[in-house]
Each structure stands twice: as C-alpha cells, then as structure tokens.
Amino acid sequence: MDIFSPLAERFAAVEERILNACARAGRRREEVTLLAVTKIFPAQAILDAYALGLREFGENYVQEFETKAPEVIGLPGARFHLIGHLQSNKSRKGAELFDVIQTVDSVKLAHRLAETGKPMEVMIEVKLSEEESKHGSAPADVPALVDAIRALPALTLKGLMTMPPWSDNPEVARPYFRTLRDLAGRVGVDGLSMGMSNDLEVAIEEGSTMVRVGTALFGRRQKPA
Ligand SMILES: *Cc1c(COP(=O)(O)O)cnc(C)c1O
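In the working numbering, the protein residues as written are 434 to 658.
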C-alpha cells in the first residue's frame with residue numbers, strides 16, 4: 434500500500450485527530466482503539482487498511498460481510514466487529530463470522546449467541562435517544578442484561594456501545610456520550626464504543642475507548658442498492 438494513497442493520507446489525518454483529542458483530554462493514545470468501518474466498501478478496502486496497519490474492522494450487515502469474509506477472515510491479527518443490528522435468526526451466522534458483536538440488545542440475543550458455543554466478545558448497544566435508533570437496550574434494562582451476559586461463559590462483556598442522533602454539530606452528541614459513560618460506571622464495565630467520523634474528538638473527551646470511523650477513512654459511502 435502506497436503511503437501517499439488517499440487512504441493513507443486520511444488515516445494519518447484521523448490519527449492526528451485522535452492524538453490531539455487524547456492530548457487535550459489528558460489520555461494516552463493506547464486507551465483508544467480505532468475501528469475502521471468498512472460497510473458498503475469492497476473487501477479490498479479492508480485489505481488496503483490492513484496493509485496500513487489497521488487491525489480492527491467494523492461491519493454493519495451480516496449478509497454483506499459474508500460476501501467479503503472469504504477474502505479477509507484469517508488475516509493475522511485482524512478482528513471483525515458487528516456494529517449493526519443482529520436479528521436473532523441471523524445470530525448463528527453472526528457468531529460464525531465476527532469476533533465481536535457490539536450490538537447485543539436483549540437477553541434473548543445473548544442466549545442465542547451463547548448457544549453457538551463459540552467464545553466471543555460482546556458489547557451492549559444502548560439506545561439513548563427515542564427517535565433515531567430503532568435498536569438498542571433501554572438504559573433501564575442494561576443492568577439485567579449485564580448480569581445475563583456475565584452468567585454466560587461463552588460471552589465476554591467488553592463494554593457499552595451507542596449511536597447518538599446524527600448532527601453536524603458534534604457537541605450535540607456530548608450528553609449522550611456522557612450518559613453512556615455514567616451508565617458503564619454504574620454497571621462496572623470499562624469499554625465505551627462511541628464516536629464516529631464527525632464527533633470522535635468529543636467522544637474521546639468523554640471517555641471513549643473505541644471510535645468507529647468510516648467516512649473519514651474511506652470517503653463517502655454510496656447508498657446501498
Ligand atoms: C456507519 C457507522 C459508523 C461510521 O460512521 P462514519 O460517520 O462514516 O464514520 C459508526 N458506527 C456505526 C454503528 C455505523 O453504522
């Protein structure tokens with residue numbers, strides 16, 4: 434991979450944003466994982482990002498990733514996160530393809546994943562805004578879901594994930610990020626998957642341990658057909 438490629442330049446710019454945000458927040462760069470979100474892009478985008486050193490990848494759709502998986506699964510050190518909603522009837526396929534499911538939002542789904550027997554990492558998707566996201570656990574249900582997941586030996590709970598309502602103004606997301614951090618503190622989990630291309634600085638200031646970045650790395654996505 435050419436270090437002057439558009440992807441390499443965008444990756445460098447994202448790294449600089451993360452570094453600056455960490456410096457402002459008095460945090461170490463190693464506390465924040467950059468998850469490269471490759472939905473809609475072909476498998477080659479994953480291979481190109483891998484060649485530049487990225488190792489954590491996020492995909493939204495089980496079916497879409499199934500078509501890319503043969504080209505990318507098995508890359509040494511690469512890990513694949515499902516960051517889109519997982520329907521219970523696709524849980525087996527999801528467990529097979531992904532290393533981390535960030536969108537566990539019900540006890541039922543946790544049980545379905547555990548039934549596959551595959552050891553896997555999970556996060557709980559929390560729905561903090563009424564209108565925007567259809568999926569995610571209500572904050573009030575999170576403590577019971579945490580207990581249910583901790584009782585399942587196949588699943589390791591790594592943290593909470595959320596997606597605030599979209600806005601041009603990253604400050605709009607701040608209270609959502611803060612709420613997620615407070616909730617994580619109350620249930621005793623460390624990982625916070627929050628922050629995307631337009632608001633990763635605010636997320637890092639509010640304690641994010643994983644920013645999920647698509648557009649700022651790969652450019653604008655075409656709408657799925
Ligand atoms: C698409 C997506 C992202 C990445 O969004 P960008 O704005 O392109 O960085 C992050 N998280 C989730 C859940 C997504 O669906």
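Virtual Cβ for every residue (Gly too), placed ideally from N, Cα, C.
Keep in mind that this is a model prediction, so the values were computed, not measured.
Assign F610 to one of two classes, buried (16 or more other C-beta atoms within 10 Å of its C-beta) or exposed (fewer than that). The residue is buried, with at least 16 neighbouring Cβ atoms inside 10 Å.
For a test of the three-state rule: what should DSSP assign to H544, helix, strand or coil? Helix, per DSSP.
Would V559 pass as a contact of L633 if the rule is Cβ separation under 8 angstroms? A distance of 8 angstroms or more separates the beta carbons of V559 and L633.
Nearest by alpha-carbon distance to L530: which of E604, L515, V620 and D538 is it? When each option's Cα is compared against that of L530, the closest is L515.
Assess contact between the stretch 584-591 and the stretch 567-576, defined as three or more Cβ pairs (one per stretch) separated by less than 8 angstroms. Is contact present? Because the criterion of three Cβ pairs below 8 angstroms is not met, the stretch 584-591 and the stretch 567-576 do not touch.
Reducing DSSP to helix, strand and coil, say where G592 ends up. Of the three classes helix, strand and coil, the one that applies to G592 here is strand, per DSSP.
Enclosing beta strand (DSSP E) for Q535 [first to last residue]: V533 to V537 is the extent of the beta strand (DSSP E) around Q535.
Bridge partners of G624, per DSSP? Answer is G592.
Please work out which residues of its chain come closer than 7 angstroms, Cβ to Cβ, to A502, disregarding the five sequence neighbours upstream and downstream, and give them in chain order. Same-chain partners within the cutoff: L530.
Going by Cα to Cα distance, which pick from V465, D623 and R461 is closest to V646? Here the closest residue by C-alpha is V465.
Less than 7 angstroms separating the Cβ of A649 from some heavy atom of ligand 1? Because some heavy atom of ligand 1 lies under 7 angstroms away, the Cβ of A649 counts as near it: yes.
Check the DSSP bridge columns for H514 and list the partner residues they point to. The partner list for H514 (beta bridge, DSSP) reads G491 and V533.
Following the continuous alpha helix (DSSP H) through T648, name the residue where it begins and the one where it ends. Segment T648 to F651, the alpha helix (DSSP H) holding T648.
Give a single yes or no on whether S562 has its beta carbon closer than 7 angstroms to a heavy atom of ligand 1. Checking every heavy atom of ligand 1 against the Cβ of S562, none is found closer than 7 angstroms.
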